[in-house]
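Colleague:
Residue numbers (this note's numbering), protein chains in the order written: chain H, 29 to 335; chain Z, 280 to 642.
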C-alpha cells in the first residue's frame, strides 16, 4: 500500500512539471506584455521595469529561474498588484475558494450519493424518475445560468439572501455560490451512484444476502461499499470541475477567490499571478486525483497492484 | 445496426429528442430569414421589448414616441387620429415647416413613409398620413433593440457548428491516437498513454482560458482549444477497443494476408470501434457546446457581431433585473438542446449495449 502511494506520488511529478512548463511558455509566447498601457511608457522606463522583473533575460533563463524559485516556494512578485507577492495574493484567495469548493463538494456528495441510492433501491419509482430528470437537467443547465436564476429567485424576488459579496465568509453569503457549484456535480454523482448501485445489486453475492433474508438496509450497506468505487474514482475530476466552476461563480457572485485572481491576472497579463494560480490549481487537481486513487485502492485491494 | 435503429425508434424520449434536434438545426439554418428581422438590425425605439404575440409599436406608446420625434423635427403634434393602421397627424410649428423633416418618421422604427394630406396657407400646419408599422417580436428584443428570436437562432448556428466541428476534431485526433497506441502496443503504447495520463491531470480549462486571453480570439482558435482538450477520453476508449480487437481472428487473418498496419487500422479496426465511438461523440457534442458557451460567457469565445448562446446568456445575465427574458430565451435554447443531445446519447449507448445501466445482470 505504501509502495502504491509512493509510485503514485512519483507519477505526479511529470504532471506538475507539464503544468508549469506549458503555462510558462503559453503566457510568455503570447503577444503583448504586462506593461503595455494605452499610452506607451518611455523606452528607458520600460527597460528599467523589465530589468526589475527579470524580463530582459532570454526565455530559457527566465524559465529556469522561475522553476528554481518555484521549488523554493517563491511564486515571484505580482505585476499588477505592485506591492504584493503572488504568494500573498494566493494566500488571500485560497481560503475563499477552499471554503466554497469544500462545502460544495460535501453538499454534492451528500445529495448525489443519497439521491442516487434512493433512486437505485426503487427503480422506476417516483424518486427514481425525479432524480433521473433532475440529474439530466443538472447536466444540461450550465452554472452560469443557475447562478443568475438563484440570484433572481432568492436574492431579488424573495429577498432572503444577498446576491453577491463575501463579507469575510458570512454564512448568508455562502449559500448561493455553494448551491450553484454543487448542483450540477450532485446530478453527475447521483446518476453514477444509481447506475453503479443497480449493477451491484444484481450481483450474485447480493442475491445470496437477499435470499438469506437480510433486511434491505443491511444489503444496501454491503452493496454501497462496492458501488461507490466509480463515484470515488471520479472525485478527482469532480474537484477539478469545482475549481473550474469557481471561475464563473466567483465572477458572478463577486467573491475574492482564486478564480477571480486568475481571470483578473489573465486580463492584466500578470504573468506570475496567472502562473501561480494555474500551478496551485494543478497541484490541487493532482493531489485530489491521488487521494481518489488511494481511496479506491483502500476500497478495492485489487487496484493496489495495478500500475 | 437495424436492431439499434429499432431500439432508438421504440424509445419515445429519444425519438422526441432526435426530432427536436432536427427541428432546432433546421430552425437555426433557415429560421433567421423567416422571422422578418435581419439578425443585426437594431430597433432603437423598441429596446427591451418583452416577449409576446402583440404587434409593435404598441398603440399606447405611439403618441409619446411621436412627441419625441416631433421635438427633433422642431414641430408640435396638435392632433393624432388612427384609422386602419394609419396615423393621421396634425403638425404645428411657429414658422414654415420644411416637408423634408418628414423623413424623420420612416427613419424611426414606428412609421412607414409619410404622405402630406393637407397644407395650411402659411405653411405652419401640416396634416400627414403615416402608416404605423406592425412588427412582431415573439421572444422580445435585447438591450440594443435586436430581435431576440433571430439572434438566438443565429447564435444557435455558431453553437451547433462549434459543437459538431470541435467534436469532429476531438474524434479524429482521439481515433487516430488511440488506434495507433492500442495496435502498436508495447513501449510506444505505454509512452503514448502515459502522455495522455499527464495531460488528463492538467487543469485544462485554465489553459484554454489563457490561450484565448493571450492570443487574438477567433473561431478557429476556439475550435482548436476545445478539440485539443476533449480528445483524451476518446483516445482512451478507442485504445481499449483496439486492444481487444487486435487479438481477434479477422485482424490476425488480415495480418497473415500481409496487409500493412495503416490499412488494417483503417479497414478492420477503426470501423469496429465506431459503435461506442458514436455514443461517446454524441455525448461529447453537448459537452463541447457547454464549454464553448462557458468561454463565450466569460467574454473569451465568440466575439461581436458574431454571437453564440453563451454570449447571449452573458448579455442576459447582465440585464437580469430589467429584462429577464434576455437570459431565459437563449438559456432555454441551450438547455433544451443539451438535454436532447444527452438523452439521445444515453439511449444510443443503451441500444448498442443492452447490459448497460443494469438492465440485466452482468454474467
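All residues carry an ideal CB built from backbone N, CA and C; glycine is no exception.
In angstroms, rounded to a whole number, what distance separates the CA positions of residue 365 of chain Z and residue 348 of chain Z?
Modeller: Here residue 365 of chain Z is taken as the residue at index 86 of the second chain, counted from 1. Here residue 348 of chain Z is taken as the residue at index 69 of the second chain, counted from 1. Straight-line Cα distance between these residues: approximately 17 Å.
Colleague: Taking the Cβ atom as the reference point for each residue, do residue 411 of chain Z and residue 369 of chain Z lie within a distance shorter than 7 Å?
Modeller: Counted from its first residue, the second chain places residue 411 of chain Z at position 132. Counted from its first residue, the second chain places residue 369 of chain Z at position 90. The answer is no: Cβ separation not under 7 Å.
Colleague: For residue 164 of chain H, go through chain Z and note every residue whose CB falls closer than 8 Å to its CB, in chain order.
Modeller: Stepping through the first chain from its first residue, residue 164 of chain H is reached at position 136. Under the 8 Å cutoff, chain Z gives 618, 621 and 622.
Colleague: In angstroms, rounded to a whole number, what distance separates the CA positions of residue 556 of chain Z and residue 504 of chain Z?
Modeller: Counting from 1 along the second chain, the entry for residue 556 of chain Z is found at position 277. Counting from 1 along the second chain, the entry for residue 504 of chain Z is found at position 225. C-alpha separation (whole angstroms): 21 Å.
Colleague: Using only alpha-carbon positions, find the residue among H:321, H:173, H:47 and H:229 that is nearest to residue 246 of chain H.
Modeller: Here residue 246 of chain H is taken as the residue at index 218 of the first chain, counted from 1. Ranking the options by Cα distance to residue 246 of chain H, first place goes to H:229.
Colleague: Could you tell me which residues DSSP pairs with residue 359 of chain Z in its beta bridges?
Modeller: Indexing the second chain from 1 puts residue 359 of chain Z at position 80. For residue 359 of chain Z, which the question treats as bridged, DSSP gives the partners Z:368.
Colleague: Are the C-beta atoms of residue 176 of chain H and some chain Z residue less than 7 Å apart?
Modeller: Taking the first residue of the first chain as 1, we reach residue 176 of chain H at position 148. Yes, because at least one Cβ of chain Z sits closer than 7 Å to the Cβ of residue 176 of chain H.
Colleague: Under a three-way DSSP split, which group does residue 410 of chain Z fall into?
Modeller: Along the second chain, one-based indexing puts residue 410 of chain Z at 131. Note: residue 410 of chain Z maps to strand in three-state DSSP.
Colleague: To which residues of the same chain is residue 615 of chain Z closer than 8 Å at the C-beta, ignoring the five residues directly before and after it?
Modeller: The residue labelled residue 615 of chain Z in the question sits at position 336 within the second chain. Cβ neighbours of residue 615 of chain Z beyond the five flanking positions: 299 and 303.
Colleague: How many whole angstroms separate the CB atoms of residue 564 of chain Z and residue 620 of chain Z, which I take to be in contact at a CB cut-off of 8 Å?
Modeller: Along the second chain, read from residue 1 onward, the residue named residue 564 of chain Z stands at position 285. Along the second chain, read from residue 1 onward, the residue named residue 620 of chain Z stands at position 341. With 8 Å as the limit, residue 564 of chain Z and residue 620 of chain Z qualify as a contact, their Cβ atoms being about 5 Å apart.
Colleague: Whose Cβ in chain Z lies nearer than 9 Å to the Cβ of residue 125 of chain H?
Modeller: Position 97 of the first chain, counting from 1, holds the residue named residue 125 of chain H. Result: empty, since nearest Cβ-Cβ is about 13 Å, beyond 9 Å.
Colleague: Say whether chain H places a C-beta atom closer than 7 Å to the C-beta of residue 636 of chain Z.
Modeller: The count along the second chain starts at 1 and reaches residue 636 of chain Z at position 357. Note that residue 636 of chain Z scores 44 on pLDDT, short of 50, meaning its location in the model is unreliable; the coordinates nonetheless yield the value given after this. Closer than 7 Å to some Cβ of chain H, the Cβ of residue 636 of chain Z qualifies, so yes.
Colleague: Do residue 627 of chain Z and residue 561 of chain Z count as a contact pair if the criterion is CB distance below 7 Å?
Modeller: Here residue 561 of chain Z refers to the residue found at position 282 of the second chain. Here residue 627 of chain Z refers to the residue found at position 348 of the second chain. Yes, the Cβ-Cβ distance between residue 561 of chain Z and residue 627 of chain Z is below 7 Å.
Colleague: Does at least one heavy atom of the ligand FAD sit under 6 Å from the Cβ of residue 403 of chain Z?
Modeller: You won't find the ligand FAD in this model; it holds no ligand whatsoever.
Colleague: Pull out every residue of the region 289-311 of chain H whose Cβ sits closer than 8 Å to any Cβ of chain Z, in chain order.
Modeller: The residues in question are 290, 291, 294, 295, 297, 302, 305, 306, 309 and 310.
Colleague: Return the first residue and the last residue of the alpha helix (DSSP H) that residue 278 of chain H is part of.
Modeller: Numbered from its first residue, the first chain carries residue 278 of chain H at position 250. Counting along the chain, the alpha helix (DSSP H) containing residue 278 of chain H begins and ends at 263-281.
Colleague: Tell whether a beta-carbon distance below 7 Å holds between residue 286 of chain H and residue 305 of chain H.
Modeller: Residue numbering aside, residue 286 of chain H sits at position 258 when the first chain is read from its first letter. Residue numbering aside, residue 305 of chain H sits at position 277 when the first chain is read from its first letter. Cβ distance < 7 Å, so residue 286 of chain H and residue 305 of chain H count as in contact.
Colleague: Classify residue 329 of chain H as buried or exposed, calling it buried when 16 or more other Cβ atoms lie within 10 Å of its own Cβ.
Modeller: Numbered from its first residue, the first chain carries residue 329 of chain H at position 301. Exposed.
Colleague: Spell out a yes or no on whether the region 81-97 of chain H and the region 262-278 of chain H are touching, meaning 3 or more CB-CB pairs, one atom from each, closer than 8 Å.
Modeller: Contact between the region 81-97 of chain H and the region 262-278 of chain H is absent, because fewer than three Cβ pairs lie under 8 Å.
Colleague: How would you label residue 100 of chain H, buried or exposed, when you count the other beta carbons within 10 angstroms and need 16 or more for buried?
Modeller: Counted from its first residue, the first chain places residue 100 of chain H at position 72. Its Cβ having fewer than 16 others within 10 Å, residue 100 of chain H is exposed.
Colleague: Can the beta-carbon of residue 572 of chain Z be found closer than 7 Å to that of residue 437 of chain Z?
Modeller: Along the second chain, one-based indexing puts residue 572 of chain Z at 293. Along the second chain, one-based indexing puts residue 437 of chain Z at 158. No, they are not a contact pair.
Colleague: What in chain H is Cβ-close to residue 603 of chain Z, meaning under 8 Å?
Modeller: Translated into positions along the second chain, residue 603 of chain Z becomes position 324. Under the 8 Å cutoff, chain H gives 180.
Colleague: Just confirm the distance between the C-beta atoms of residue 121 of chain H and residue 288 of chain H, as a whole number of angstroms; I'd bet it's less than 8 Å.
Modeller: As a first step, residue 121 of chain H is located in the first chain; it is residue number 93 there, counting from the start. As a first step, residue 288 of chain H is located in the first chain; it is residue number 260 there, counting from the start. Yes, they are in contact, since the Cβ atoms of residue 121 of chain H and residue 288 of chain H sit about 7 Å apart, within 8 Å.
Colleague: Examine the Cβ distances between the region 45-53 of chain H and the region 88-98 of chain H and report whether three or more of them are shorter than 8 Å.
Modeller: Verdict: yes, contact present.
Colleague: Candidates H:161, H:159, H:158 and H:201: which alpha carbon is nearest residue 178 of chain H's?
Modeller: Residue mapping note: residue 178 of chain H aligns to position 150 of the first chain, counting from 1. The candidate whose alpha carbon is nearest that of residue 178 of chain H is H:201.
Colleague: Quick one: any contact between the region 593-605 of chain Z and the region 534-547 of chain Z, if contact means 3 or more CB pairs under 8 Å?
Modeller: Because the criterion of three Cβ pairs below 8 Å is not met, the region 593-605 of chain Z and the region 534-547 of chain Z do not touch.
Colleague: I'd like to confirm the pairing. Which residues does DSSP put opposite residue 113 of chain H in its beta bridges?
Modeller: Taking the first residue of the first chain as 1, we reach residue 113 of chain H at position 85. DSSP output for residue 113 of chain H lists H:105 as bridge partner(s).
Colleague: Taking only beta-carbon atoms, is residue 558 of chain Z less than 7 Å away from chain H?
Modeller: Within the second chain, numbered from 1, the residue matching residue 558 of chain Z stands at position 279. Answer no: the Cβ-Cβ gap between residue 558 of chain Z and chain H never drops below 7 Å.
Colleague: From the DSSP secondary-structure annotation, give me the bridge partner or partners of residue 467 of chain Z.
Modeller: Position 188 of the second chain, counted from the first residue, corresponds to residue 467 of chain Z. Paired residues: none, contrary to the question.
Colleague: Between the region 124-142 of chain H and the region 206-222 of chain H, can you find at least three pairs of beta-carbon atoms closer than 8 Å?
Modeller: As far as the Cβ criterion goes, the region 206-222 of chain H touches the region 124-142 of chain H, which means the pair count is three or higher.
Colleague: Please tell me whether residue 299 of chain Z has its Cβ less than 7 Å away from any Cβ of chain H.
Modeller: For the purposes of this step, residue 299 of chain Z is identified with residue 20 of the second chain, where counting begins at 1. No, residue 299 of chain Z lies away from the interface with chain H (no Cβ there is under 7 Å from its Cβ).
Colleague: In angstroms with no decimal places, state the Cα-to-Cα distance between residue 461 of chain Z and residue 520 of chain Z.
Modeller: Mapped onto the second chain, residue 461 of chain Z falls at position 182. Mapped onto the second chain, residue 520 of chain Z falls at position 241. Their Cα atoms are separated by approximately 8 Å.
Colleague: Assuming residue 488 of chain Z and residue 294 of chain H form a contact by the criterion Cβ under 8 Å, report the distance between their Cβ atoms to the nearest whole angstrom.
Modeller: Mapped onto the second chain, residue 488 of chain Z falls at position 209. Mapped onto the first chain, residue 294 of chain H falls at position 266. The pair is a contact, with the Cβ atoms about 6 Å apart (cut-off 8 Å).
Colleague: Which chain H residues are close to residue 600 of chain Z, counting only those with a beta carbon under 9 Å from its beta carbon?
Modeller: Against the second chain, residue 600 of chain Z aligns to sequence position 321. Result: 180 and 184.
Colleague: Put residue 45 of chain H into one of helix, strand or coil per three-state DSSP.
Modeller: Mapped onto the first chain, residue 45 of chain H falls at position 17. Helix.
Colleague: Compare the C-beta of residue 42 of chain H against all C-beta atoms of chain Z and say whether one is closer than 7 Å.
Modeller: Against the first chain, residue 42 of chain H aligns to sequence position 14. It does; some Cβ of chain Z falls within 7 Å.
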